[in-house]
Amino acid sequence: MKPLGPIPPGFSAIDGELAIGGRKASALVAEAGSPLFVYDGALISGRVAALRAALPERLGLHYAMKANPFAPVLRHMAGLVDGFDIASGGELAMAEAAGVLPEQISFAGPGKRDADLEAAIARGVTLNLESAREGERALAIGEKLGRAPRLAIRVNPDFDLKGSGMKMGGGAKPFGVDAAAVPALARRIIAAGAEWRGFHIYAGSQTLDAAAIAEMQAATIALAERLAEDSGATLPACNLGGGFGIPYFPGDAPLDLHAVGEVLGEQFAALPAVLAETAFCIELGRYLVGEAGVYLARIIDRKESHGEVFLVTDGGLHHQLAASGNFGTVVRRNYPSAIATKFGAAAEEEASIVGCLCTPLDRLADKGGFPRAEEGDLVAVFCAGAYGASASPVHFLGHGPAAERLVNTNH
Ligand SMILES: *Cc1c(COP(=O)(O)O)cnc(C)c1O
Numbered sequence: 103m104k105p106l107g108p109i110p111p112g113f114s115a116i117d118g119e120l121a122i123g124g125r126k127a128s129a130l131v132a133e134a135g136s137p138l139f140v141y142d143g144a145l146i147s148g149r150v151a152a153l154r155a156a157l158p159e160r161l162g163l164h165y166a167m168k169a170n171p172f173a174p175v176l177r178h179m180a181g182l183v184d185g186f187d188i189a190s191g192g193e194l195a196m197a198e199a200a201g202v203l204p205e206q207i208s209f210a211g212p213g214k215r216d217a218d219l220e221a222a223i224a225r226g227v228t229l230n231l232e233s234a235r236e237g238e239r240a241l242a243i244g245e246k247l248g249r250a251p252r253l254a255i256r257v258n259p260d261f262d263l264k265g266s267g268m269k270m271g272g273g274a275k276p277f278g279v280d281a282a283a284v285p286a287l288a289r290r291i292i293a294a295g296a297e298w299r300g301f302h303i304y305a306g307s308q309t310l311d312a313a314a315i316a317e318m319q320a321a322t323i324a325l326a327e328r329l330a331e332d333s334g335a336t337l338p339a340c341n342l343g344g345g346f347g348i349p350y351f352p353g354d355a356p357l358d359l360h361a362v363g364e365v366l367g368e369q370f371a372a373l374p375a376v377l378a379e380t381a382f383c384i385e386l387g388r389y390l391v392g393e394a395g396v397y398l399a400r401i402i403d404r405k406e407s408h409g410e411v412f413l414v415t416d417g418g419l420h421h422q423l424a425a426s427g428n429f430g431t432v433v434r435r436n437y438p439s440a441i442a443t444k445f446g447a448a449a450e451e452e453a454s455i456v457g458c459l460c461t462p463l464d465r466l467a468d469k470g471g472f473p474r475a476e477e478g479d480l481v482a483v484f485c486a487g488a489y490g491a492s493a494s495p496v497h498f499l500g501h502g503p504a505a506e507r508l509v510n511t512n513h
């Protein structure tokens, strides 16, 4: 038997069934169909409230919407956070459609096309420049439109986040401008009449180690100070990145937010003059939405092969690639999962939950311990609120997309 990841807090059983936002899994599937992603709005709101309580008041909270761009989630989030970080022209359109104000949006991401730059500049969205050349293109487009572009520089820092799932900084990277080249670019865009917005410094993602985050934030603030001094400009804003992880796997423990907040509070109390007026923010994706989402799928077949039990579902990696272990993980480990229609019942057998794709990669839970499940039962894969529906190869094998629902938003 292989262990399963820890089921996040906030889920209960009603009549022996998993309930999400107070509604039974079977009722949600009867209404919306299967497979289904369900997101609990109250859990998202609670997450934001916990961050506000633990982190310094001065720190703005941004949502990195690539984690979950489902329109009702965006609308829910718009009332909760201070800004949205987008990474494409398509995300700009989705954020606007959800009622996010352009001045709350910043746009990072390599390979911005002229049409993307033009849409962002025309609306007054902040561009986090990924290269000096992108800066020149933005200035030229601003001139054509008769609008001063709002420009920040995404810095490729000389360090990265320890214990981070995906390395995004340190050494040669397609993201951001190497720290050494930043001051010259800052002087250039300020002299050219852009609206100067400061730095965006993102050093990594998905760590559960509060000390590693605190150390990264301290290094980020020190780098921002040095680059601001060398640029001869104060910083209107500075995005300190993110990196706050969630427990996915057996043995993972939640991030100690208070420890992060305490160290950052000390940093803010001792800021140098060049950062005294700076509006700081962090940008989080999975930490805000990941644990609030559950992926539900129905068991279509129960079969045995060479003594092993396979619960074959109507879902799979085409909706939930990350749970199959094929989205940026080195060693496959089990996400938290359960038989939703027998939630809380004791484990009776070892079984693997697989999807309906003709590939051995399509395994949602490998040799876990579950109560005995039959055709028609529902399975739940937790930690499905981030990088699920939008980060899985939905066209592979033609089964079509999963349904999505946001529930429990009246809080
Ligand atoms: C992906 C990304 C994020 C969000 O990462 P999470 O691990 O979901 O918090 C934030 N900022 C940037 C620049 C990103 O690319």
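Reminder that position 143 of the sequence shown reads as 245 in this note's numbering, one-by-one numbering, no gaps.
Built from N, CA and C at the ideal position, the CB exists for glycine as well.
Owing to the predicted nature of the structure, the values given are computational and were not obtained by experimental measurement.
CA-CA distance, Ala-134 to Leu-241, rounds to 47 angstroms. The C-beta distance from Ala-442 to Ala-169 rounds to 23 angstroms, too long to meet the 8 angstroms contact threshold.
For Tyr-350, the secondary structure class from DSSP, reduced to helix, strand or coil, is coil.
As DSSP reads the structure, Cys-383 sits in a beta bridge with Gly-162, Asn-341. Take the alpha-carbon of Leu-194 and the one of Pro-204: they are about 9 angstroms apart. In chain order, the residues with a C-beta atom nearer than 6 angstroms to some heavy atom of ligand 1 are Ala-166, Lys-168, Ala-169, Asp-187, Ala-210, Tyr-304, Ser-307, Gln-308, Gly-344, Glu-385, Leu-386, Gly-387, Arg-388, Tyr-389, Ala-488.
In this chain, Thr-309 is not harboured by any beta strand (DSSP E), its DSSP state being neither H nor E.
Sequence-distant Cβ neighbours of Glu-379 in its own chain, meaning closer than 7 angstroms and more than five residues away, are Thr-336. When only Cα atoms are considered, Cys-458 and His-497 end up about 13 angstroms apart. In the DSSP assignment, Asp-262 falls outside any beta strand (DSSP E) and carries neither an H nor an E. Taking C-beta atoms as the reference points, Leu-231 and Val-279 count as a pair closer than 8 angstroms. In the three-state reduction of the DSSP assignment, Ser-190 falls in the coil class, being assigned neither a helical nor a strand state. Spatial neighbours of Lys-444 in its own chain (CB-CB distance under 6 angstroms, excluding positions within 5 residues in sequence) are listed in chain order as Pro-473. The shortest C-alpha to C-alpha distance from Leu-163 to any of Ile-207, Leu-423, Gly-191, Arg-434 is the one to Ile-207. Around the beta-carbon of Arg-235, fewer than 16 other beta-carbon atoms lie within 10 Å, marking it exposed. Between Gly-418 and Asp-464 the beta-carbon gap is near 5 angstroms, inside 8 angstroms, which marks them as a contact. The way I'd put it, the segment 104-116 does touch the segment 348-364; three or more beta-carbon pairs between them come closer than 8 angstroms. Assignment of Gly-300 by DSSP, reduced to helix, strand and coil, places it in the strand class.
Taking a C-beta distance under 8 angstroms as the contact criterion, Ala-254 and Phe-301 qualify as a contact pair. Under the 8 angstroms Cβ criterion, the segment 498-506 does not count as touching the segment 477-484, having fewer than three qualifying pairs.
With 16 or more other Cβ atoms inside 10 Å of its own Cβ, Ile-315 counts as buried.
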